[in-house]
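Chains A and B, in that order, are what the protein sequence lines are. Taking my numbering, the leading residue of the first sequence gets 1, the next gets one more, and so forth. Taking my numbering, the leading residue of the second sequence gets 388, the next gets one more, and so forth. A virtual CB, placed ideally from N, CA and C, is assigned to each residue, including glycine. All of these numbers come straight from a predicted model, not from anything done at the bench.
2 protein chains.
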Amino acid sequence: MTQAVRHDSMRARNLELVLGEVSRRGPLTRAALAELTGLTKSTVSKLVGDLLDAGFLAETGPARAGERGRPGVEVVLSGARVASLGLEINVDYLAVCLLDLAREVRFSERRERDNRGSRPEEVLGELQNLAQTALDAAAAHRLTVAGAVLAVSGPVGDGVLFSAPNLGWAGVRVADLLHLPVPVTVDNEANLGALGELWFGAGPADFLFVSGEVGIGAGLVVDSALFRGAHGLAGELGHVVVSPTGPRCRCGAAGCLETYAGQEALLEAAGVASVADLLSALDAGARSATRAAAAAGEALGLALASAVNLLDLDHVVLGGVFAPLFPWLAPAAEGVLAARLGRLRGSVPTLAPSTVGGAAATLGAAGRTVHHVLADPGPFLNRAEAT
Amino acid sequence: MTQAVRHDSMRARNLELVLGEVSRRGPLTRAALAELTGLTKSTVSKLVGDLLDAGFLAETGPARAGERGRPGVEVVLSGARVASLGLEINVDYLAVCLLDLAREVRFSERRERDNRGSRPEEVLGELQNLAQTALDAAAAHRLTVAGAVLAVSGPVGDGVLFSAPNLGWAGVRVADLLHLPVPVTVDNEANLGALGELWFGAGPADFLFVSGEVGIGAGLVVDSALFRGAHGLAGELGHVVVSPTGPRCRCGAAGCLETYAGQEALLEAAGVASVADLLSALDAGARSATRAAAAAGEALGLALASAVNLLDLDHVVLGGVFAPLFPWLAPAAEGVLAARLGRLRGSVPTLAPSTVGGAAATLGAAGRTVHHVLADPGPFLNRAEAT
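Here it is as structure tokens:
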């Protein structure tokens, strides 16, 4: 029994080693894998064989029956068998994406929808339909879905969305309201956006990802991992103080960043009805629009100055609506950062627009399960084998 | 050769294991050590014997020649042989402390001194005299000093103090200006204060330590380790935005926390000349003093609200002058935290005064080397054996 347990845990560790190297480095021969992992060639061959059979790996180049493992043939991650679901509830939309193990998006859909003041049951019912469409797509591709992660626009713990003032929700057990045939985890959209940027963007290993939507959140990535804080509530940049005598915020406080640079404050200041209208007005050089964007950028700079003082950041990535607004927002924010931090730090963090775009949180959500499967493939391998 | 290297690294690991258990758990028998470390009894006996000979461990109870290792005899950390130096340059004082391996303070001195606008060479010259007094005390006690750590009131990297506006220093290579016969490391006083609180106070494993002196800094402890940020500059709470239109700060920005709750702002608002006078005035219930403390507490609450939003903190420890001022500062700060965080988080972090007091940074500085020696005793063990 103890022998079997030891063998199992060694096998799990070795599977993780092999998948980890292929995931990080791309195509590798069995010989290279043996060298990188320190395992014997015969152990590597056995593990690679099992992973090929389970559809976790594929051989590159033309392969013929009986010819597996020819010298020089490389193996890569295969998206043929296992996939994961990324889901997102935001104030203005619902989204889903189906990601395979090779990190290819196999299906995605986004439904624009005003979720302000809506009943959680109703929104989650529609999300469930959307998720089912993705699960149907998975079945059609003969993909086993390993799990789903749901991104929500507010602080989360143990599957409960504590507060999403922009939805009008508080203490909603979102995980219990979503009935899917796969395990569901719930996390904050800014955290998942940060992971989306880390895994699918051009970002470095340490950065603050700022998610500018109706609400403003942030995810801090330190050494390629999320910094979550005591309860997973870290990164509430939207409620950092910009001015204590500022406008009343939906969170109950006053002068939070969101009251200056949140989507609704921005649109109101620019006198337009939508982000699309705001971008048109900015493109046309409309004065009210450029002024509103610069004012939001200034507020963002103030909140980021506090964040940099506390967290010692070198890189800030602006996502959500802040990405398309970057050319108009960033100069004002950079000006404030230079004025407030230049003398004390001697340097100012770089600001860059997200390269992943609006889907960062949905991608990060789907990517989390892929990451999880690659780090501990055993259970999913057995499940895949059993189907 | 490879065998010898392997043997050495195994021995180093085993020494760390044994010292770590005794350091964490207190007195232990050799049998208990064997059980806890998974090493054989004979390996433990050999390691304990070496550590007793080197003066790193001592046996409890009466010991007679030739009777070492009797069953039931416990070993504890011994402060007989190795010690470390904690040094601090603050705006108003210089301090030193000599800490032995059993974490007993064997010597300490604090010299009140106005270091504002002083030449670094002069201040470091006086600190060197102070350090020499402590080194003489170490020699008198036959203690080998393993190293010195210097706490300075500003952001530090690679032995350089980037900026200490309250001293009037910028880009000072403090490590190069201090000539001691032991290795010197330089770190920020708030970081070291946080470690002092962690090791010598009653704090939990996760907290923000706020150091209120002429400047205000903070050290974030996550899972019993410091969070340092990209360049070790994290925790600059003193320059978090309280109000963007507030008073001009020495850092070049406006409305930083320091301009409201720094020692000088506090004394000026209260109309007194020293912290001692302020405490007397508060004890006597003087209106200007209680008002000044409450206003500083309110500003502190605003900066901490931003910190809690970003870092998700449950516990904040107020150190430096904020510890004695706690009864007058804390209610206002707690009021702001409750008003700004209550609805979004559902809970408010606890504020508590430091239990270590004004020596937290000096103690943390000395403790860092002790921590280092216990984690890797080999080099110091050999040095102690050689003397």
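Considering residue i, what are the terminal residues of the beta strand (DSSP E) in which it resides?
i: Glu475/B; result: Val469 to Ile476
i: Val172/A; result: Trp169 to Val172
i: Gly497/B; result: The amino acid occupying residue 497/B in the given sequence is Arg; Gly does not appear at that position. Where Arg497/B is concerned, the enclosing beta strand (DSSP E) stretches over Val492 to Glu499.
i: Ala538/B; result: Thr531 to Val539
i: Glu59/A; result: Leu57 to Glu59
Could you spell out the range, first to last residue, of the alpha helix (DSSP H) harbouring residue i?
i: Asn578/B; result: Glu576 to Phe587
i: Val371/A; result: Checking the displayed sequence, the identity of residue 371/A turns out to be His instead of Val. Ala360 to Ala375 is the extent of the alpha helix (DSSP H) around His371/A.
i: Gly606/B; result: Element bounds for Gly606/B: not the alpha helix (DSSP H) but the beta strand (DSSP E), Ile603 to Val609.
i: Val597/B; result: Note, Val597/B: premise wrong, no alpha helix (DSSP H); beta strand (DSSP E) at Phe594 to Gly599.
i: Leu96/A; result: The sequence given here places Val at residue 96/A; Leu does not occur at that position. Where Val96/A is concerned, there is no enclosing alpha helix (DSSP H), although the beta strand (DSSP E) it sits in stretches over Tyr93 to Asp100.
i: Ala137/A; result: Pro120 to Ala140
i: Ser288/A; result: Arg287 to Leu311
i: Ser280/A; result: Val275 to Asp283
i: Glu651/B; result: Gln650 to Ala657
With DSSP as the reference, identify every bridge partner of residue i, one or two as the case may be.
i: Leu29/A; result: Just to set this straight, residue 29/A is Thr in the shown sequence, not Leu. DSSP output for Thr29/A lists Glu74/A as bridge partner(s).
i: Pro353/A; result: Leu318/A
i: Arg343/A; result: Arg343/A pairs with nothing; no bridge assigned.
i: Gly388/A; result: Absent from the structure is residue 388/A, since the part of chain A shown begins at 1 and ends at 387.
i: Arg635/B; result: Ala641/B
i: Thr185/A; result: Val149/A
i: Phe227/A; result: Leu220/A
i: Val44/A; result: None, per the DSSP bridge assignment.
i: Val241/A; result: Cys256/A
Could you check whether residue j and residue i sit closer than 8 Å to each other, using their CB atoms as the reference points?
i: Val242/A; j: Gly255/A; result: yes
i: Leu716/B; j: Ala680/B; result: yes
i: Leu697/B; j: Gly235/A; result: yes
i: Gly706/B; j: Gly599/B; result: yes
i: Ala284/A; j: Ala270/A; result: no
i: Pro204/A; j: His315/A; result: yes
i: Leu237/A; j: Gly217/A; result: yes
i: Ser495/B; j: Val483/B; result: yes
i: Thr485/B; j: Leu472/B; result: Before going further, note that residue 485/B is Leu rather than Thr in the sequence given. Yes; because the gap between Cβ atoms is below 8 Å, this pair is in contact.
i: Leu130/A; j: Arg111/A; result: yes
i: Arg116/A; j: Ala137/A; result: no
i: Gly301/A; j: Ala276/A; result: no
i: Leu15/A; j: Glu21/A; result: no
i: Glu584/B; j: Ser540/B; result: no
i: Asp114/A; j: Val149/A; result: no
i: Ser306/A; j: Val571/B; result: no
i: Val695/B; j: Gly588/B; result: no
i: Ala31/A; j: Thr40/A; result: no
i: Ser741/B; j: Val708/B; result: no
i: His566/B; j: Gln519/B; result: no
i: Ala617/B; j: Asp312/A; result: yes
i: Thr37/A; j: Val44/A; result: yes
i: Ala365/A; j: Ala151/A; result: yes
i: Gly367/A; j: Leu220/A; result: no
i: Leu666/B; j: Leu654/B; result: no
Note down, in chain order, every chain C residue with its Cβ under 9 Å from the Cβ of residue i.
i: Asn696/B; result: Judged by its chain identifiers, the structure shown contains no chain C, and its protein chains are A and B.
Pop quiz: residue i and residue j are said to be a contact at Cβ under 8 Å. What is the actual Cβ separation, rounded to whole angstroms?
i: Leu257/A; j: Pro155/A; result: The Cβ separation is near 15 Å, so there is no contact.
i: Gly448/B; j: Val463/B; result: About 10 Å; that fails the 8 Å criterion.
i: Pro349/A; j: Leu363/A; result: Contact doesn't hold; Cβ gap of about 24 Å is too wide.
i: Gly544/B; j: Ala748/B; result: Going by Cβ atoms, the distance from Gly544/B to Ala748/B rounds to 18 Å, so no, they are not a contact pair.
i: Ser9/A; j: Leu374/A; result: Incorrect: roughly 17 Å between the Cβ atoms, too far for contact.
i: Gly442/B; j: Thr756/B; result: At roughly 16 Å, the Cβ-Cβ gap does not stay under 8 Å, so Gly442/B and Thr756/B are not in contact.
i: Pro718/B; j: Gly684/B; result: 7 Å
Is the stretch 167-185 of chain A touching the stretch 120-129 of chain A in the sense that three or more CB pairs, one from each, lie closer than 8 Å?
yes
Hey, is the stretch 542-554 of chain B in contact with the stretch 710-724 of chain B, meaning 3+ C-beta pairs nearer than 8 Å?
no
Count Cβ pairs between the stretch 753-768 of chain B and the stretch 595-613 of chain B that sit closer than 8 Å; are there 3 or more?
no
Assess, as a yes-or-no matter, whether the stretch 465-474 of chain B is touched by the stretch 520-533 of chain B under the definition of 3 or more beta carbon pairs within less than 8 Å.
yes
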